[in-house]
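Below is one structure; the comments refer to it alone.
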Amino acid sequence: MIKICDKVIKQQSQFWNHALFHPTDAVEDPWGRRILDRMAEDGAIKTIRIYTMFEDIVYLDENGKLAFDFRVSDLRLDYLLEKGYDLLLAYGGIPDCIASGNSKTSVSKNKTRYKGKMWNSTPPKDYALWEEICYEYTKHNIERYGIETVSSWHCHCFNEPDIHHFFFADQPENSEATEKYRLPAYCKLYEAFERGVRRASERICIGGPALAYRKDFLEGFLNFVKEKELRLDYVALHNYGTNVGELNDGSKPIAVENQLEKYEKYVDIICKCGFNDIEIVLDEWGASAQGFYNIEECPSLIFRENEVYSAYFVKLIAKLIEAGYNISKMMICLSGQHEMVTDFSGFRNFFTLNFITKPIYNAHLMSSKLHNLLVESNTESENIFAVSTKNLKGDYTTLLTYCSKNFKEDLPKIEEQVVFAEDVSDKTVTVWCIDKTHNNPYRMWEREGKPEMNDELLSALRKEGRLKPLTVQKGNETIKLSLTPNATYLITVTD
Numbered sequence: 007m008i009k010i011c012d013k014v015i016k017q018q019s020q021f022w023n024h025a026l027f028h029p030t031d032a033v034e035d036p037w038g039r040r041i042l043d044r045m046a047e048d049g050a051i052k053t054i055r056i057y058t059m060f061e062d063i064v065y066l067d068e069n070g071k072l073a074f075d076f077r078v079s080d081l082r083l084d085y086l087l088e089k090g091y092d093l094l095l096a097y098g099g100i101p102d103c104i105a106s107g108n109s110k111t112s113v114s115k116n117k118t119r120y121k122g123k124m125w126n127s128t129p130p131k132d133y134a135l136w137e138e139i140c141y142e143y144t145k146h147n148i149e150r151y152g153i154e155t156v157s158s159w160h161c162h163c164f165n166e167p168d169i170h171h172f173f174f175a176d177q178p179e180n181s182e183a184t185e186k187y188r189l190p191a192y193c194k195l196y197e198a199f200e201r202g203v204r205r206a207s208e209r210i211c212i213g214g215p216a217l218a219y220r221k222d223f224l225e226g227f228l229n230f231v232k233e234k235e236l237r238l239d240y241v242a243l244h245n246y247g248t249n250v251g252e253l254n255d256g257s258k259p260i261a262v263e264n265q266l267e268k269y270e271k272y273v274d275i276i277c278k279c280g281f282n283d284i285e286i287v288l289d290e291w292g293a294s295a296q297g298f299y300n301i302e303e304c305p306s307l308i309f310r311e312n313e314v315y316s317a318y319f320v321k322l323i324a325k326l327i328e329a330g331y332n333i334s335k336m337m338i339c340l341s342g343q344h345e346m347v348t349d350f351s352g353f354r355n356f357f358t359l360n361f362i363t364k365p366i367y368n369a370h371l372m373s374s375k376l377h378n379l380l381v382e383s384n385t386e387s388e389n390i391f392a393v394s395t396k397n398l399k400g401d402y403t404t405l406l407t408y409c410s411k412n413f414k415e416d417l418p419k420i421e422e423q424v425v426f427a428e429d430v431s432d433k434t435v436t437v438w439c440i441d442k443t444h445n446n447p448y449r450m451w452e453r454e455g456k457p458e459m460n461d462e463l464l465s466a467l468r469k470e471g472r473l474k475p476l477t478v479q480k481g482n483e484t485i486k487l488s489l490t491p492n493a494t495y496l497i498t499v500t501d
C-alpha cells in the first residue's frame, strides 16, 4: 500500500524542470525550434540554459577596437522569451579576436561543433577586453529587455573551465595543469566577468564556475572569490553519475547514488570555503556524461531511449528532496541531439531524429504537474520512490517509480493500492504510466522487431510517445497500480 498523507512537510520548489539546450545556435533553426515549441507548449521545461556565443557577436573594427553585432544573439533570446522561458546564460566562448592563442576543440562527436564551428580554448590576451565584452553584452540585454526581465535570469562565467574540452585544450587534464593553467586563468576570467556585469547593473544574478567535476578546481575558485571579496550569487555545478568508459568496463553502472555521493563532496567543499547558504544550480546533469556519445561507443546508453531514464529521473528527484539540498535548478543536458542520423540511437535528448517522444521527456512533463507543498507518502517497499505534493485548493499530485539500485529488471511485478489520508471521494483521479508497454515508443519498436522506419510506423511511434492517461476514475474507486521494474506513475487528484 502507498499512503498519501495530508500534512504539509514544507514548501517545495520545482527545481527539476529545467534544461540545457544545445547547440545554442539551433535556436534559430527549424529543428531546434520544433523542440523548444513543444517544451513550451507542454510546460515541461521552465528554464533554458544556452551559451552567449560571444564568437558570433564580437569582432574588431577597422581601428582594431572591439565592436559588436548583437543581431543573432537577439534573435535567439527573443525567441526563447517569446516562448515564455526563463534563462540561464553561460558567458562564453572566447572570440578569436581577443584570444591569446588558437587552440581549438570541437566538443563534439564530429570534427567540428554545429555549423562547422570550433571552441577557442585559450584565455583572453587581455582580461580588460573580456570585461568589456561582458559589460557591453549585459548592458545591451538590459536596454533591449529591461532590467526587471534580465535581473530574473541567472548568468555565469564560461563553461567547464576545469577540463581540457573547454579550457587549455593543449594541456593535459590533471591536477598539475589545473593548478598551473586552468585555475589561475579562470579566476582572472571570473573577476573580469564580475566587474563587467556589475558595471552594467548590480541587480544581475551572477555565478560560476559551471564545474565539470574537478573538486580541487572548485575549492581553489571559491577560496579566490572569498579572498578577493568578489560577488558570487550562486555556485554552478555539473553532476553526471557515470561515463562511457565506466559503463563499458562495468566499473560504474548507472545509479542515482553515484550523483548523490558526488554532490555531497561538492557541498563539503562549498561549506569548507564558507559558502554554506549559497544557492546551488546544477546547470547540467545526466545519468551518464558524454552526450555526444551514443550506442555506437557504448551499448548501455540505450537507457536514454527507454523507461529506465524516466525511472532514474524520478528517483533522483525523490532522493534530492529527501536529502534537503539547497538546489534551485537542476538542468538536464540535451547536448548531442544534433549528431543523430537514426532514431533510438542513444543520444542525450528528449526527441529522436524523427521527433518521436522519449520517456525521459514524458517524465519531465509528469514532474511539471507536481505542486509546491510537499506532503508525506509512505510505502512498505524500499524500491518505491515517491514525491507527493498538494496545493492550497486541496489537489494532490504524486510522482513515483519502482526500481532497483542499478535499474536492472531484477524486481518482481507487484500490485499496489494508493490511499489518501484525506477524503478524496468527490474528486477525479487520473493516472499516467511509463513502463515497457505504456508511453514507450522504443519498446514498441523493439516489439515490432526494430524494422526500418516508414510513414505508418513513424505515425504509430509518435502517437505512442504522446503522454496520455492510463485511467480516469472517481476518488471513491480503488486506485490500483501494476508495478514492473522501472515503471513510473503520476497520480493527480483534482476537482
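Heads up: take any position in the sequence shown, counting from 1, add 6, and you land on the numbering used here. Just so it is clear, CB atoms sit at the ideal spot from N, CA and C, and this is done for glycine as well.
Contact under 8 Å by Cβ, residue i with residue j
i           : j           : result
residue 131 : residue 104 : yes
residue 220 : residue 168 : yes
residue 493 : residue 441 : yes
residue 57  : residue 96  : yes
residue 187 : residue 199 : no
residue 378 : residue 431 : no
residue 205 : residue 133 : no
residue 373 : residue 301 : no
residue 250 : residue 299 : yes
residue 99  : residue 74  : no
For residue i: DSSP bridge partner residues
i           : result
residue 14  : 381
residue 184 : Answer is none; residue 184 lacks a bridge partner.
residue 372 : Paired residues: none, contrary to the question.
residue 64  : 74
residue 55  : 26, 94
residue 357 : 363
residue 478 : 436
residue 404 : 394, 497
residue 487 : 422
residue 502 : There is no way to answer for residue 502, as the model of the chain reaches only from 7 to 501.
residue 9   : 384, 425
Nearest-angstrom beta carbon gap, residue j and residue i [assumed within contact, 8 Å]
i           : j           : result
residue 349 : residue 500 : No, residue 349 and residue 500 are not in contact; Cβ-Cβ is about 35 Å, not under 8 Å.
residue 72  : residue 179 : Actually they do not touch by this definition, with Cβ atoms about 32 Å apart.
residue 332 : residue 343 : Their Cβ separation, rounded to whole angstroms, is 30 Å, which puts residue 332 and residue 343 out of contact at 8 Å.
residue 437 : residue 476 : 5 Å
residue 162 : residue 214 : 5 Å
residue 153 : residue 224 : Not a contact, Cβ separation roughly 31 Å.
residue 102 : residue 78  : That pair is no contact at about 16 Å.
residue 128 : residue 106 : 5 Å
Proximity test, residue i beta-carbon vs the ligand ZN heavy atom, cut-off 7 Å
i           : result
residue 154 : You won't find the ligand ZN in this model; it holds no ligand whatsoever.
Residue closest to residue i, alpha-carbon to alpha-carbon, out of the options
i           : options            : result
residue 14  : 382, 263, 62, 153  : 382
residue 32  : 340, 191, 234, 463 : 340
residue 90  : 155, 173, 208, 481 : 155
residue 279 : 241, 407, 335, 492 : 241
residue 449 : 460, 459, 470      : 470
residue 244 : 270, 140, 60, 231  : 270
residue 467 : 480, 422, 447      : 447
residue 22  : 413, 370, 460, 484 : 370
residue 307 : 319, 439, 320, 293 : 293
residue 413 : 429, 62, 316, 458  : 316
residue 115 : 84, 297, 77        : 297
residue 399 : 7, 12, 8           : 12
residue 135 : 122, 126, 195, 121 : 195
residue 365 : 380, 312, 464      : 312
residue 305 : 346, 498, 444, 254 : 254
residue 37  : 325, 47, 108, 360  : 360
residue 329 : 68, 488, 465, 273  : 273
Where residue i falls: helix, strand or coil (DSSP)
i           : result
residue 33  : coil
residue 4   : No statement about residue 4 is possible, as the shown extent of the chain runs from 7 to 501 and does not include it.
residue 260 : coil
residue 277 : helix
residue 272 : helix
residue 100 : coil
residue 113 : coil
residue 79  : helix
residue 438 : strand
residue 395 : strand
residue 337 : strand
residue 422 : strand
residue 211 : strand
residue 165 : coil
residue 325 : helix
residue 129 : coil
residue 148 : helix
residue 467 : helix
residue 218 : coil
residue 240 : strand
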